[in-house]
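Engineer:
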Amino acid sequence: MTDFARRWSHRIAHEGFVPLDGAGLEALLERLAGQLPDAGREVGAALVAAHLTEPSVLSETITLIGDHFEEPTAIQAAVAAGYAQALRQATMAEQEQLSRAVLDAHAGVELALRNSESRLRAIFDNAAVSIGVSTMDGRIVRVNQAFGELLGYTPDEMCALTVPQLSHPTDPPGMWRLYEEMLRGERDHVRLEKAYYRKDGTAVWTDMTSSLIRDEHGAPELTMVMLQDITDRHTLRESLQHQATHDPLTGLPNRTMIAAHLGRIFEHAQRVGLCYLDMDGFKRVNDTLGHQVGDALLVAVAQRLTDCADEPCRIAGRMSGDEFVLAVRDPSGAAEMRALAERALTALTRPYEIGRHRLRVSASIGVVDSDVAATTPAELMKAADLTLYTAKSEGRARYVMYDADRNARQAARYALAADMPDALDRDEFTVVYQPLVSLADERLRGVEALVRWRHPEQGMLSPDSFIPLAEETGVIVALGRHVLQQACAQAAEWARRFPDNRVFMSVNVTVAQAREPAFPAEVAKILADTGLDPRLLVLELTESAIMDADGAPLAALDVLAASGIRIAIDDFGTGYSNLAYLRRLPIHILKLAGPFVDGLRDPGSAGSADEQIVETIIRLAHVLGVKVTAEAVETRPQADRLRHLGCDTGQGYLFARPLPPAAMLPLLHDSGPALTAP
Ligand code: C2E
Ligand code: CA
């Protein structure tokens, strides 16, 4: 017997009434276990066929599947669906039988009523089904033993009650109207599921059939009701319903239920409010402390959110993983939603005691407050989700209110991001080249490759508008490879055409790209394919790419440098600006960020703090054997100051803008002239 089947039969055997002996149960479950995971529906149906219909059997089975299988959700859903369907069919068959029995009994009672008092008594007392008779003005005149037992009264106590006193808050809306139609003789039967209060206040669910008894002239005379106890079935159905609409871990309404709830709000209310929450860094809790702690944390979070949803118009739900929502029907306005979001943030950031751990976590929330006429549930969710994303990118541990303009901008950004892989296939990315000159003689020494997107609708896009997106989506790796490939091919071609004026090619590389394990091999392959001399290639990396947050240097650096490629630190002065690592790492060039160069713009800046910093950096770099390139040189005084301070190379509009390859040719032809007028 498999371990799964043994645990299964063990669990089920403890679930009260089981209509099979131990061996029979084990054999059945062993067989069914063999059908999992593929035949979930059949297994669910087989449980019903074997009369394993105690409500807890299904939940035990579902739980066990959750523990046992890697990807349990689909299996659980199939088993539950098969079970529910089979049960409904079984129930329908049962109801059919009952209704036949009721009609037979009805005929019998009618007969008895007409015939003799003693005959009536006999039928009443012997009937297993609960039967009661009342007059047309609602007085209960006779009930049998079974009826009294069902509701916990003696027959005499029952006869002191009236029919309207048997109402229950869950009675279907039209029920009493049907009853009145029957009293008026307009219908002969009413049949529906109805709950009754027992004498002790608990509820009993019944399949109720009420019939009109007419006198010999056909005029309404009495009504008779027959009840079949269906509480078990009802409870099971409720629990299945609950399982389908609630998250098993936290007990909160799940995505399905929240969607249904929002649907009702949109139908019946004027305004709707939504807080879409995501725990910050939850994955870290899971990864470092384990899933059990993670689960316990989610349960605690759910509890605190439930406490925040303390008014009937508010509901808390779990969307997935560590995402939750608070939905509000008819919020009084944005202020109420702000207050709710603030309250949730405060509640969630209080420390959690979980096992022996004391945890602190924060959350980010996107908040929307809208007129229901202005949106749809799906749009509302999307807006809240996008706003949540803004809260995350603005630094987490905060809430952000929905803003239509920002939302539109973000949606446009997403569209752009989503379009990038196709744009890459359609070859919409081109590379332009900006000259780098030696400051001593202002002659061309190299170029920096800068990517552009020739967007079919939006025209030429600059990298600032799409590189950050490409980094977020990961397309940067493919895009970077494309640029490197084009730039190297271009540089190799120029080197062949202009052997006396070999200029180097400087290519930007982002963190994600540089951290790809295959990056050095890819670079080597591109160099081999294009035939570019590695000594003509410079890779520009930012400080954060060269050094991770813990100060560990990029592993690929040594491999790249060993092949003759030079490494430049891009935008120096905008990151850690830590000169210490220049000594330890194979860095060849330092590119001084624009703002430093900007500080030298004013001819009177000689001796200023900016100038002293630049001078110190240049001197230190030279001591370490590192060359310095100044970015964004726009004016003659800047170039002169930089040369004076010993800066090696310059790049900027003063010398040239980024140029398409054809516009580079005259500059490459003439190995002589300076790029600026003397
Ligand atoms: P960056 O690496 O700092 O590149 C220099 C940027 O400064 C370029 O902008 C260039 O056009 C601009 N620039 C050049 N001279 C001047 C000047 O005199 N004054 C001013 N104000 N700006 C000047 P661009 O081409 O828009 O590129 C922006 C950034 O996009 C680059 O900054 C780089 O970080 C990134 N980038 C560009 N191409 C690529 C690429 O192929 N791959 C990657 N990963 N990033 C790229
Ligand atoms: Ca650069």
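Numbering (our numbering), first residue to last: 678 to 1355.
Glycine included, C-beta positions come from ideal geometry on N, C-alpha and C.
Which residues bound the alpha helix (DSSP H) around arginine 981?
Structural biologist: Position 304 of the sequence shown, counted from the first residue, corresponds to residue 981. Taken as a continuous stretch (DSSP letters only), the alpha helix (DSSP H) holding arginine 981 covers 968–985.
Engineer: With DSSP as the reference, label glutamate 1013 as helix, strand or coil.
Structural biologist: By one-based count along the sequence shown, residue 1013 stands at place 336. Of the three classes helix, strand and coil, the one that applies to glutamate 1013 here is helix, per DSSP.
Engineer: Using alpha carbons as the reference points, say which of Arg1131, Ala1233, Asp1227 lies closest to phenylalanine 1196.
Structural biologist: Numbered from its first residue, the sequence shown carries residue 1196 at position 519. It is Ala1233.
Engineer: In this structure, how does DSSP classify asparagine 1185 when only helix, strand and coil are distinguished?
Structural biologist: As a first step, residue 1185 is located in the sequence shown; it is residue number 508 there, counting from the start. In this structure, asparagine 1185 counts as strand in the three-state DSSP scheme.
Engineer: Rounded to the nearest angstrom, what separates glutamine 969 and asparagine 963 at their Cα positions?
Structural biologist: Taking the first residue of the sequence shown as 1, we reach residue 969 at position 292. Taking the first residue of the sequence shown as 1, we reach residue 963 at position 286. Approximately 8 angstroms between the Cα atoms of the pair.
Engineer: Indicate, with yes or no, if ligand 2 has a heavy atom lying under 8 angstroms from the CB of glutamate 1220.
Structural biologist: To locate residue 1220, count along the sequence shown from 1; it is residue 543. Result no, Cβ not under 8 angstroms from ligand 2.
Engineer: Pull up the distance between the alpha-carbon of aspartate 1007 and that of alanine 1068, whole angstroms please.
Structural biologist: The count along the sequence shown starts at 1 and reaches residue 1007 at position 330. The count along the sequence shown starts at 1 and reaches residue 1068 at position 391. Near 24 angstroms, if we compare the C-alpha coordinates of alanine 1068 and aspartate 1007.
Engineer: Considering only DSSP beta bridges, list what glutamate 1217 is partnered with.
Structural biologist: Your numbering for residue 1217 matches position 540 in the sequence shown. DSSP lists Asn1185, Ala1245 as partners of glutamate 1217.
Engineer: Would a C-beta distance cut-off of 9 angstroms place glutamate 1125 and phenylalanine 1332 closer than the cut-off?
Structural biologist: Within the sequence shown, the letter at position 448 stands for residue 1125. Within the sequence shown, the letter at position 655 stands for residue 1332. The answer is no: Cβ separation not under 9 angstroms.
Engineer: Distance, Cα to Cα, alanine 682 vs glutamine 712?
Structural biologist: Reading the sequence shown from its first residue, position 5 is the one you call residue 682. Reading the sequence shown from its first residue, position 35 is the one you call residue 712. Taking the straight line joining both Cα atoms gives about 11 angstroms.
Engineer: Can you tell me whether lysine 1202 is buried or exposed? The criterion is at least 16 other CB atoms within 10 Å of its CB, across all chains shown.
Structural biologist: Within the sequence shown, residue 1202 is the residue found at index 525, counting from 1. Exposed: under 16 other Cβ atoms inside 10 Å.
Engineer: Starting from leucine 1301 and walking both ways along the alpha helix (DSSP H), at which residues does that stretch end?
Structural biologist: Sequence index remark: in the sequence shown, residue 1301 carries index 624 (1-based). Element bounds for leucine 1301: n/a, residue is neither H nor E.
Engineer: Can you give me the start and stop residues for the alpha helix (DSSP H) that proline 1112 sits inside?
Structural biologist: Against the sequence shown, residue 1112 aligns to sequence position 435. Per DSSP, proline 1112 belongs to no alpha helix (DSSP H); it is in the beta strand (DSSP E), 1106–1115.
Engineer: Quick check: valine 1215 and histidine 1265, are their CB atoms within less than 9 angstroms of each other?
Structural biologist: Taking the first residue of the sequence shown as position 1, residue 1215 is located at position 538. Taking the first residue of the sequence shown as position 1, residue 1265 is located at position 588. Result yes, Cβ atoms of valine 1215 and histidine 1265 sit closer than 9 angstroms.
Engineer: In angstroms, rounded to a whole number, what distance separates the CA positions of threonine 1053 and phenylalanine 943?
Structural biologist: Numbered from 1 along the sequence shown, position 376 holds the residue referred to as residue 1053. Numbered from 1 along the sequence shown, position 266 holds the residue referred to as residue 943. So the alpha carbons of these two residues sit roughly 8 angstroms apart.
Engineer: Considering only their Cβ atoms, is the gap separating leucine 741 from tryptophan 685 smaller than 9 angstroms?
Structural biologist: Numbered from its first residue, the sequence shown carries residue 685 at position 8. Numbered from its first residue, the sequence shown carries residue 741 at position 64. Cβ atoms of tryptophan 685 and leucine 741: closer than 9 angstroms.
Engineer: Who are the Cβ neighbours of histidine 1132 in its own chain at under 7 angstroms, not counting the five residues just before and after it?
Structural biologist: Position 455 of the sequence shown holds residue 1132. Closer than 7 angstroms at the Cβ level, and outside the excluded window around histidine 1132, lie Glu1105, Leu1138.
Engineer: For valine 1303 and leucine 1322, which I take to be in contact (beta-carbon distance under 8 angstroms), what is that distance rounded to the nearest angstrom?
Structural biologist: Counting from one through the sequence shown, the residue named residue 1303 turns up at place 626. Counting from one through the sequence shown, the residue named residue 1322 turns up at place 645. That belief does not hold up - the Cβ atoms of valine 1303 and leucine 1322 are roughly 15 angstroms apart, past 8 angstroms.
Engineer: Counting only runs of 4+ residues fully inside the region 925–970, write out the alpha helix (DSSP H) ranges in chain order.
Structural biologist: 932–945, 959–966
Engineer: Ends of the alpha helix (DSSP H) at isoleucine 1042?
Structural biologist: As a working mapping, residue 1042 is identified with position 365 in the sequence shown. Unbroken run through isoleucine 1042 is the beta strand (DSSP E), 1040–1048; no alpha helix (DSSP H).
Engineer: Would you say glutamate 1119 touches ligand 1, meaning its beta carbon is less than 8 angstroms from a heavy atom?
Structural biologist: Residue numbering aside, residue 1119 sits at position 442 when the sequence shown is read from its first letter. False, no ligand heavy atom lies under 8 angstroms from that Cβ.
Engineer: Just verifying my parser: in three-state terms, what is the DSSP assignment at glutamate 1199?
Structural biologist: Looking up residue 1199 in the sequence shown gives position 522. Helix, per DSSP.
Engineer: Please state whether the Cβ-Cβ distance between arginine 1129 and valine 1108 is less than 9 angstroms.
Structural biologist: Stepping through the sequence shown from its first residue, residue 1129 is reached at position 452. Stepping through the sequence shown from its first residue, residue 1108 is reached at position 431. Yes, they are a contact pair.
Engineer: State yes or no: is the C-beta of methionine 934 within less than 9 angstroms of the C-beta of tyrosine 1110?
Structural biologist: Within the sequence shown, the letter at position 257 stands for residue 934. Within the sequence shown, the letter at position 433 stands for residue 1110. No.
Engineer: Kindly provide the chain-ordered list of residues whose Cβ lies closer than 5 angstroms to any non-hydrogen atom of ligand 2.
Structural biologist: My final list is Asn1185, Glu1217, Asp1247.
Engineer: If you reduce the DSSP assignment to three classes, tell me which class lysine 876 lands in.
Structural biologist: Residue numbering aside, residue 876 sits at position 199 when the sequence shown is read from its first letter. Residue state, collapsed to three classes: coil.
Engineer: Looking at leucine 1065: is its Cβ nearer than 9 angstroms to the Cβ of alanine 993?
Structural biologist: Here the question's residue 1065 lines up with position 388 in the sequence shown. Here the question's residue 993 lines up with position 316 in the sequence shown. The Cβ atoms of leucine 1065 and alanine 993 lie no closer than 9 angstroms to each other.
Engineer: Within its chain, find whatever has a CB closer than 8 angstroms to the CB of glutamine 1345; leave out the 5 residues flanking it on each side and keep chain order.
Structural biologist: As a working mapping, residue 1345 is identified with position 668 in the sequence shown. Checking the sequence shown, residue 1345 turns out to be leucine, not glutamine. Here the set comprises Leu1121, Trp1171, Arg1174, Phe1175, Asn1178, Val1180.
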